[in-house]
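Asker:
Protein chains: 2
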Amino acid sequence: MLAKKCLNLYFNMMEDLSPFLENIKRKISLSPDNTELLTSAFRVVKVKRKQMIIQPGFVAKYRIYVLKGAFHSYVIDDKGNQHTIQFAIDDWWLSDYNSYVHQTPATQFVEALENSTVLQIDYQTEQQLKDANWELATLFRLMAEHSAAYLARRIVSNLTQSAEERYNDFVGRYPKVVQRLPQYALASYLNMTREFLSKIRNDKVRKK
Amino acid sequence: MLAKKCLNLYFNMMEDLSPFLENIKRKISLSPDNTELLTSAFRVVKVKRKQMIIQPGFVAKYRIYVLKGAFHSYVIDDKGNQHTIQFAIDDWWLSDYNSYVHQTPATQFVEALENSTVLQIDYQTEQQLKDANWELATLFRLMAEHSAAYLARRIVSNLTQSAEERYNDFVGRYPKVVQRLPQYALASYLNMTREFLSKIRNDKVRKK
DNA sequence: CGTTTTTCTTAAGATAGTTCATCGTTCTGC
DNA sequence: GCAGAACGATGAACTATCTTAAGAAAAACG
Chain B
47 MLAKKCLNLY FNMMEDLSPF LENIKRKISL SPDNTELLTS AFRVVKVKRK
97 QMIIQPGFVA KYRIYVLKGA FHSYVIDDKG NQHTIQFAID DWWLSDYNSY
147 VHQTPATQFV EALENSTVLQ IDYQTEQQLK DANWELATLF RLMAEHSAAY
197 LARRIVSNLT QSAEERYNDF VGRYPKVVQR LPQYALASYL NMTREFLSKI
247 RNDKVRKK
Chain G
47 MLAKKCLNLY FNMMEDLSPF LENIKRKISL SPDNTELLTS AFRVVKVKRK
97 QMIIQPGFVA KYRIYVLKGA FHSYVIDDKG NQHTIQFAID DWWLSDYNSY
147 VHQTPATQFV EALENSTVLQ IDYQTEQQLK DANWELATLF RLMAEHSAAY
197 LARRIVSNLT QSAEERYNDF VGRYPKVVQR LPQYALASYL NMTREFLSKI
247 RNDKVRKK
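Protein chains in written order, with the numbering used here: chain B, 47 to 254; chain G, 47 to 254.
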């Protein structure tokens, strides 16, 4: 266990973890010891473009933080259509939450859209941290609460906005993300076809 | 503080809390002391049909557990259309999560569909419990994780299923809920008009 | 109860969004 | 730097779902 911890530290030293630490600090202020404990529970992993890190049928073993890169998670429906469920670029968290939280087989693919570097923590390690340490348990609780609030906002947006409004909203909110995503992934995230998204974008240009 | 606690106990004794305790037990096994601590943090409240317990513009002060009754939460969009975001009948939890978690003004109405009895805990009391008590903090973390997983499943369903599939799915999953809801609320929850839901139901009958 | 209000059904016309098929463009891996 | 694959744009035909409107049924409430 100590050996593993040291090994992780060694690997983690190769990467700049400051964005990760900043991200955590925005949620909770950890003691130096706990920061250290948390950091050494994660492993740096390099992922090649198009590589899957979660696949349907397998239990999602990791919670993932993207240090650098881009991912999307998607499902394939009965008719073979791909539907993007989540994105994540630098500084975002990602998993198949339903699978990870309940440790049941995943229904989503999680695929790298670029060559990426991530931090991952496995389920059991996370449980141990939460069982052993108050501050870290609080951190993970805050993350879950924020996720739930975020997902609730997304449901509202899906229920109340038209395709064009959803697109404008997304562009306004995450302009940097839009530029790094393939349009087909964004279209399906926004619950429309790629063709229709293309039309929306084009109508906008013409209006100007 | 002690007085308030005794008062709550007194009120709570008037109601059968066993479904609530069962609901908690399914998530985590609490010590008798903590069960007692948790229970006395909630207040029993009676709510009349059509009464609002959360309204846009006001911060959602309470997390709510429905002992008996039915609620829906909804937003009103720019065109004046009502969109149901959540339901809750006996034994379900409910709030405007985004407002409650971040303590920002709500965007949702939460309205009783029947005369109901609920348990409510206010934000500050919940924070105190979580700060003071490991087991209770864990309980609230599990609740948040389960909410997030549930919301994620709902997003997937909205992205991948047709109106008719969403309806069939819901009926299969929550047959008891369907019977207690007005159709207009269910329709907007499933992201369709009441007229279209009516058509779907009717087409089904004819096919038989 | 009977009346008033709310909810549900039906149907025709309208539209947002899809499907399909094609073509030009841009990546990507070697 | 090239060949092949992946991606994006476009237009025409199509369809799932919405809108509007009006009557029927059901529920609420004095």
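Glycine residues also receive a C-beta, built at the ideal position from the N, C-alpha and C atoms.
Helix, strand or coil, according to DSSP, for Asp-137(G) in the structure here?
Answerer: Position 91 of the second sequence, counting from 1, holds the residue named residue 137(G). The answer is coil: DSSP assigns Asp-137(G) none of H, G, I, E or B.
Asker: Work out the CA separation of Pro-65(G) and Ile-99(G) for me, nearest whole Å.
Answerer: On the second sequence, residue 99(G) is found 53 positions in, with the first residue counted as 1. On the second sequence, residue 65(G) is found 19 positions in, with the first residue counted as 1. Computed Cα separation, rounded: 22 Å.
Asker: So which of Tyr-146(B), Gln-154(B), Leu-182(B), Gln-207(B) has the shortest CA-CA distance to Ile-131(B)?
Answerer: Reading the first sequence from its first residue, position 85 is the one you call residue 131(B). Answer by Cα proximity: Gln-154(B).
Asker: I'd like to know if the region 226-238 of chain G and the region 117-132 of chain G are in contact, where contact means that at least 3 CB-CB pairs between them fall below 8 Å.
Answerer: Yes: at least three Cβ pairs fall under 8 Å.
Asker: Pairs of beta-carbons, one from the region 100-113 of chain G and one from the region 138-146 of chain G, closer than 8 Å: are there three or more?
Answerer: Cβ pair count under 8 Å is three or more, so yes.
Asker: Report buried or exposed for Gln-166(B), applying the criterion of at least 16 other Cβ atoms within 10 angstroms of its Cβ.
Answerer: Numbered from 1 along the first sequence, position 120 holds the residue referred to as residue 166(B). By the neighbour-count rule (16 or more Cβ atoms within 10 Å), Gln-166(B) is buried.
Asker: CA-CA distance, Glu-157(G) and Gln-97(G)?
Answerer: Here residue 157(G) is taken as the residue at index 111 of the second sequence, counted from 1. Here residue 97(G) is taken as the residue at index 51 of the second sequence, counted from 1. Whole-angstrom Cα-Cα distance: 6 Å.
Asker: Where does Ala-209(G) sit, in a helix, a strand or coil, going by DSSP?
Answerer: Your numbering for residue 209(G) matches position 163 in the second sequence. Helix at Ala-209(G).
Asker: State the Cα-Cα distance for the pair Arg-89(B) and Gln-170(B), rounded to the nearest angstrom.
Answerer: For this step, residue 89(B) is matched to residue 43 along the first sequence. For this step, residue 170(B) is matched to residue 124 along the first sequence. Near 14 Å, if we compare the C-alpha coordinates of Gln-170(B) and Arg-89(B).
Asker: At a CB-CB cut-off below 8 Å, which residues of chain G make contact with Ile-167(B)?
Answerer: Residue 167(B) sits at position 121 when you count from the first residue of the first sequence. Those do not exist, as Ile-167(B) stays about 15 Å from chain G at its closest Cβ, beyond 8 Å.
Asker: Check the DSSP bridge columns for Ile-122(G) and list the partner residues they point to.
Answerer: To locate residue 122(G), count along the second sequence from 1; it is residue 76. Paired residues: Gln-128(G).
Asker: What does the Cβ neighbour count give for Phe-104(B), buried or exposed, with the cut at 16 atoms within 10 Å?
Answerer: Within the first sequence, residue 104(B) is the residue found at index 58, counting from 1. Exposed, because fewer than 16 other Cβ atoms sit within 10 Å of the Cβ of Phe-104(B).
Asker: CB-CB under 7 Å to Leu-48(G), same chain, minus the five flanking residues each way: which ones, in chain order?
Answerer: Locating residue 48(G) in the second sequence gives position 2, counting from the first residue. Here Leu-48(G) scores only 48 on pLDDT, less than 50, and its place in the model should not be relied on; the value that follows carries that caveat. Excluding positions up to five away in sequence, the list is empty.
Asker: Would you mind working out which of Ala-195(G), Arg-95(G), Phe-186(G) sits nearest Asn-161(G), comparing C-alpha positions?
Answerer: Start at 1 with the first residue of the second sequence, and residue 161(G) comes out as number 115. Of the listed residues, the one whose Cα sits closest to Asn-161(G) is Arg-95(G).
Asker: Taking 8 Å as the cut-off, decide whether the C-beta atoms of Thr-163(B) and Glu-61(B) are in contact.
Answerer: Against the first sequence, residue 163(B) aligns to sequence position 117. Against the first sequence, residue 61(B) aligns to sequence position 15. Against a cut-off of 8 Å, the Cβ pair of Glu-61(B) and Thr-163(B) comes out as a contact.
Asker: Can you find a CB in chain B that lies within less than 8 Å of the CB of Trp-139(G)?
Answerer: Along the second sequence, one-based indexing puts residue 139(G) at 93. It does not; no Cβ of chain B falls within 8 Å.
Asker: Starting from Thr-163(G), trace the alpha helix (DSSP H) both ways and give me its first and last residue.
Answerer: Taking the second sequence and counting its residues from 1, the one referred to as residue 163(G) is at position 117. That residue, Thr-163(G), is in no alpha helix (DSSP H); its beta strand (DSSP E) goes 162-168.
Asker: Is the closest heavy atom of the ligand SAM to the C-beta of Thr-206(G) under 7 Å?
Answerer: The ligand SAM is absent from the structure shown, which contains no ligand whatsoever.
Asker: Under 8 Å, Cβ to Cβ, is there at least one residue of chain G near Glu-210(B)?
Answerer: Here residue 210(B) refers to the residue found at position 164 when the first sequence is read from its first residue. Glu-210(B) does not count as touching chain G.
Asker: Please confirm whether His-129(B) has its beta-carbon closer than 8 Å to some beta-carbon of chain G.
Answerer: Looking up residue 129(B) in the first sequence gives position 83. Yes, His-129(B) counts as interfacial toward chain G.
Asker: Check the Cβ-Cβ distances between Leu-205(B) and every residue of chain G, and say whether any is below 8 Å.
Answerer: Locating residue 205(B) in the first sequence gives position 159, counting from the first residue. Leu-205(B) counts as touching chain G.
Asker: Can you give me, in chain order, the residues of the region 105-132 of chain B that have a beta carbon less than 7 Å from any beta carbon in chain G?
Answerer: Answer in chain order: Val-121, Asp-123, His-129, Ile-131.
Asker: Name the two residues that bound the continuous beta strand (DSSP E) containing Leu-113(B).
Answerer: The residue given as residue 113(B) occupies position 67 in the first sequence. Leu-113(B) -> beta strand (DSSP E) spans 108-114.
Asker: Can you look up Pro-102(B) in the DSSP assignment and give me helix, strand or coil?
Answerer: Within the first sequence, numbered from 1, the residue matching residue 102(B) stands at position 56. DSSP places Pro-102(B) in coil when its eight states are reduced to three.
Asker: Can you tell me which of the three DSSP states Pro-228(B) falls into?
Answerer: Working through the first sequence from its first residue, we reach residue 228(B) at position 182. The answer is coil: DSSP assigns Pro-228(B) none of H, G, I, E or B.
Asker: Measuring alpha carbon to alpha carbon, tell me which residue in Tyr-143(G), Glu-68(G), Val-217(G) is nearest Asp-168(G).
Answerer: As a first step, residue 168(G) is located in the second sequence; it is residue number 122 there, counting from the start. Comparing Cα positions, the closest option is Tyr-143(G).
Asker: If you compare alpha carbons, which of Gln-128(G), Ser-244(G), Leu-63(G) is closest to Ala-209(G)?
Answerer: Along the second sequence, read from residue 1 onward, the residue named residue 209(G) stands at position 163. Nearest of Gln-128(G), Ser-244(G), Leu-63(G) to Ala-209(G), Cα basis: Ser-244(G).
Asker: Using a beta-carbon distance below 8 Å, is Ala-195(G) in contact with chain B?
Answerer: Looking up residue 195(G) in the second sequence gives position 149. Judged by the 8 Å Cβ criterion, Ala-195(G) is in contact with chain B.
Asker: With a CB to CB cut of under 7 Å and the five nearest residues on each side skipped, what residues in its chain are close to Glu-82(B)?
Answerer: By 1-based counting over the first sequence, the position of residue 82(B) is 36. If we look at Glu-82(B) and ignore the five residues flanking it on each side, it has no Cβ neighbours.
Asker: Determine, using beta carbons only, whether Ala-152(B) comes closer than 8 Å to chain G.
Answerer: What you label residue 152(B) is simply residue 106 of the first sequence in a count that begins at 1. Ala-152(B) does not count as touching chain G.
Asker: Please report the straight-line C-alpha distance between Asn-248(B) and Val-217(B), rounded to a whole angstrom.
Answerer: Your numbering for residue 248(B) matches position 202 in the first sequence. Your numbering for residue 217(B) matches position 171 in the first sequence. Approximately 14 Å between the Cα atoms of the pair.
Asker: Taking C-alpha atoms, which residue in Leu-159(G), Ile-246(G), Arg-200(G), Glu-211(G) lies nearest to Val-223(G)?
Answerer: Translated into the one-based positions of the second sequence, residue 223(G) becomes position 177. Out of Leu-159(G), Ile-246(G), Arg-200(G), Glu-211(G), Leu-159(G) has the C-alpha closest to the C-alpha of Val-223(G).
Asker: Tell me the DSSP bridge mates of Pro-151(G)?
Answerer: The count along the second sequence starts at 1 and reaches residue 151(G) at position 105. Partner(s): Val-105(G).
Asker: With DSSP run on the structure shown, which of helix, strand or coil describes Lys-254(B)?
Answerer: Numbered from its first residue, the first sequence carries residue 254(B) at position 208. Residue placement at Lys-254(B) is poorly supported in this model, since its pLDDT is 46, which falls under 50; the coordinates still yield a value, given next. In this structure, Lys-254(B) counts as coil in the three-state DSSP scheme.
Asker: So with Cβ pairs under 8 Å, would you call Tyr-143(G) a contact of chain B?
Answerer: Reading the second sequence from its first residue, position 97 is the one you call residue 143(G). Interface residue, yes.
Asker: Between Leu-194(G) and Leu-197(B), is the Cβ-Cβ spacing less than 8 Å?
Answerer: Within the second sequence, residue 194(G) is the residue found at index 148, counting from 1. Within the first sequence, residue 197(B) is the residue found at index 151, counting from 1. Before going further, note that residue 194(G) is Ala rather than Leu in the sequence given. Going by C-beta atoms, Ala-194(G) is nearer than 8 Å to Leu-197(B).
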